[in-house]
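A.B. asks: For the sequence shown, the positions run 195 to 471 when our numbering is used.
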Amino acid sequence: MNVMRIIVLIGALFLVLAGCNKKTTVTKILKNKDVEYRLRMAEQFFANKKFSKAQLIYEDLFPILRSDPRFEDLYYKYAYCAFYQRDYMNAENLFKGFLDVFPKSAKAAEVDFMHAYCFYKQSPRVELDQTPTQKTIGFMQAHLNNYPESPKAEEAFKIIESCEEKLEMKDFKGAELYFNLGSYRAAAISFTSLLNHYPMSKRADEYKLMIIKAYYQYASMSVETKQTERFEKVLEEYYDFVDRFPESKLLKDAERYFQNSQNNLKALKNEPVNTKS
């Protein structure tokens, strides 16, 4: 038992010492007065994908090489160090800083794309605040406007499309939540807004059907004095559905709400109702 404990302690000590040696290596490099040596070591770390170490040395060389022709490349790699460590907020600021300092750089188009791409990497899951997603669309569109021949143009278009789909899904979930909670008027308004924002969506006819369903439920739950105008609203939305989506697979579902609304209106007027579904 004692022997095993000694082995474990020796192993733990070895790991601690190994970690200390790594820290000491970077510390020694930073203390070295030879700027060329420090830059050379930073480049080695960057090439070997040891970005945290390269970042420390690049940062140390910033004020020293600011007027040096190599500063552009140093700044460029320094920004990528943050990006490769998934520090996207810092990377976004650094890529922007690079463009401010070197607006005519041969790397400007690439860095401009990376600046926008950092926001894309910060885009959260659908349920959360989508400010980074909205900024991604804006910056990616600006990239396409500023660099129409960008080699990243196709990727930028795909990212914009992906972000728009995420924003659409967030709005859909919000409208769906209103419906599921029984807030049918709010659901109808939300689905209408969703359809207006995304009229060419693949799910546009589904959104329109949800508007009809929500207004139907709203009318059904209303006091009798309000039901006539509210069932008439369902008919109005149905006619719009037919005009916009005459070939929709959801047309029969919409027709059921239309027929039920007509029957309710006849009942309110004490007229014979159509019992066919």
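All C-beta atoms in this analysis are idealised placements derived from N, C-alpha and C, irrespective of residue type, glycine included. Just so you know, these numbers come straight off a predicted model, no measurement behind them.
With 16 other CB atoms within 10 Å as the buried threshold, where does phenylalanine 385 fall?
C.D. replies: Mapped onto the sequence shown, residue 385 falls at position 191. The residue is buried, with at least 16 neighbouring Cβ atoms inside 10 Å.
A.B. asks: Give me, in chain order, the residues of the same chain whose beta-carbon lies closer than 8 Å to that of lysine 346; leave out the 5 immediate sequence neighbours on both sides.
C.D. replies: Residue 346 sits at position 152 when you count from the first residue of the sequence shown. Cβ neighbours of lysine 346 beyond the five flanking positions: Ala303, Glu304, Phe307, His337.
A.B. asks: Got a sec? Which residues, its chain only, sit under 7 Å from asparagine 215 by beta carbon, not counting five neighbours each side?
C.D. replies: The residue labelled residue 215 in the question sits at position 21 within the sequence shown. A caution first: asparagine 215 carries a pLDDT of 46, below 50, which makes its placement in the model too unreliable to give a value.
A.B. asks: Where does lysine 216 fall in DSSP's three states?
C.D. replies: Translated into positions along the sequence shown, residue 216 becomes position 22. With a pLDDT of 48 at lysine 216, under the threshold of 50, the modelled position of this residue cannot be trusted, and the question is left open.
A.B. asks: Evaluate phenylalanine 256 with the Cβ neighbour count: other Cβ atoms within 10 Å of its Cβ, from every protein chain shown; 16 or more gives buried, anything less gives exposed.
C.D. replies: Locating residue 256 in the sequence shown gives position 62, counting from the first residue. By the neighbour-count rule (16 or more Cβ atoms within 10 Å), phenylalanine 256 is not buried but exposed.
A.B. asks: Between the beta-carbon of glutamine 324 and the beta-carbon of leucine 361, is there less than 8 Å?
C.D. replies: Along the sequence shown, read from residue 1 onward, the residue named residue 324 stands at position 130. Along the sequence shown, read from residue 1 onward, the residue named residue 361 stands at position 167. In contact: glutamine 324 and leucine 361 (Cβ atoms closer than 8 Å).
A.B. asks: Which residue spans inside the region 221-304 form an unbroken alpha helix (DSSP H) run of at least 4?
C.D. replies: Counting only runs of 4 or more, we get 229-241, 245-259, 265-278, 282-295.
A.B. asks: In angstroms with no decimal places, state the Cα-to-Cα distance between arginine 379 and leucine 429.
C.D. replies: As a first step, residue 379 is located in the sequence shown; it is residue number 185 there, counting from the start. As a first step, residue 429 is located in the sequence shown; it is residue number 235 there, counting from the start. Near 16 Å, if we compare the C-alpha coordinates of leucine 429 and arginine 379.
A.B. asks: Have a look at Arg424, Leu462, Ser414, Ala381 and flag the residue whose alpha-carbon is nearest the alpha-carbon of isoleucine 405.
C.D. replies: Taking the sequence shown and counting its residues from 1, the one referred to as residue 405 is at position 211. Closest option to isoleucine 405, Cα to Cα, is Ala381.
A.B. asks: In terms of alpha-carbon separation, which member of Lys407, Thr419, Phe439, Val417 lies closest to tyrosine 451?
C.D. replies: Against the sequence shown, residue 451 aligns to sequence position 257. Checking every option, the nearest Cα to that of tyrosine 451 belongs to Lys407.
A.B. asks: Leaving out five residues on either side along the sequence, give the residues of the same chain with a beta carbon under 8 Å from the beta carbon of leucine 250.
C.D. replies: Within the sequence shown, the letter at position 56 stands for residue 250. Here the set comprises Val220, Leu224.
A.B. asks: Excluding the 5 residues preceding and the 5 following tyrosine 314 in the sequence, name in chain order all residues of the same chain whose CB lies nearer than 6 Å to its CB.
C.D. replies: Residue 314 sits at position 120 when you count from the first residue of the sequence shown. If we look at tyrosine 314 and ignore the five residues flanking it on each side, its Cβ neighbours are Thr330, Ile353.
A.B. asks: Leaving out five residues before and five after phenylalanine 289 in sequence, what residues of the same chain have Cβ atoms less than 7 Å from its Cβ?
C.D. replies: The sequence position of residue 289 within the sequence shown is 95, counting from 1. Here the set comprises Ala273, Val305, Met308, His309, Cys312.
A.B. asks: Helix, strand or coil for aspartate 323 per DSSP?
C.D. replies: Along the sequence shown, read from residue 1 onward, the residue named residue 323 stands at position 129. Coil at aspartate 323, not helix or strand.
A.B. asks: Is the separation between the beta-carbon of methionine 363 and that of valine 320 shorter than 8 Å?
C.D. replies: Your numbering for residue 363 matches position 169 in the sequence shown. Your numbering for residue 320 matches position 126 in the sequence shown. A contact, by the Cβ cut-off of 8 Å.
A.B. asks: When the Cα atoms are used, what is the spatial distance from isoleucine 383 to arginine 280?
C.D. replies: For this step, residue 383 is matched to residue 189 along the sequence shown. For this step, residue 280 is matched to residue 86 along the sequence shown. Computed Cα separation, rounded: 40 Å.
A.B. asks: Which whole-angstrom value describes the C-beta separation of leucine 371 and leucine 403, a residue pair presumed to lie in contact below a C-beta threshold of 8 Å?
C.D. replies: Working through the sequence shown from its first residue, we reach residue 371 at position 177. Working through the sequence shown from its first residue, we reach residue 403 at position 209. At roughly 17 Å, the Cβ-Cβ gap does not stay under 8 Å, so leucine 371 and leucine 403 are not in contact.
A.B. asks: Can you give the beta carbon distance from tyrosine 252 to alanine 276, rounded, assuming they're within the 8 Å contact cut?
C.D. replies: Taking the sequence shown and counting its residues from 1, the one referred to as residue 252 is at position 58. Taking the sequence shown and counting its residues from 1, the one referred to as residue 276 is at position 82. Not a contact, Cβ separation roughly 10 Å.
A.B. asks: Quick one: Cα of phenylalanine 435 to Cα of phenylalanine 240, how far?
C.D. replies: Here residue 435 refers to the residue found at position 241 of the sequence shown. Here residue 240 refers to the residue found at position 46 of the sequence shown. Going by the C-alpha atoms only, they are around 58 Å apart.
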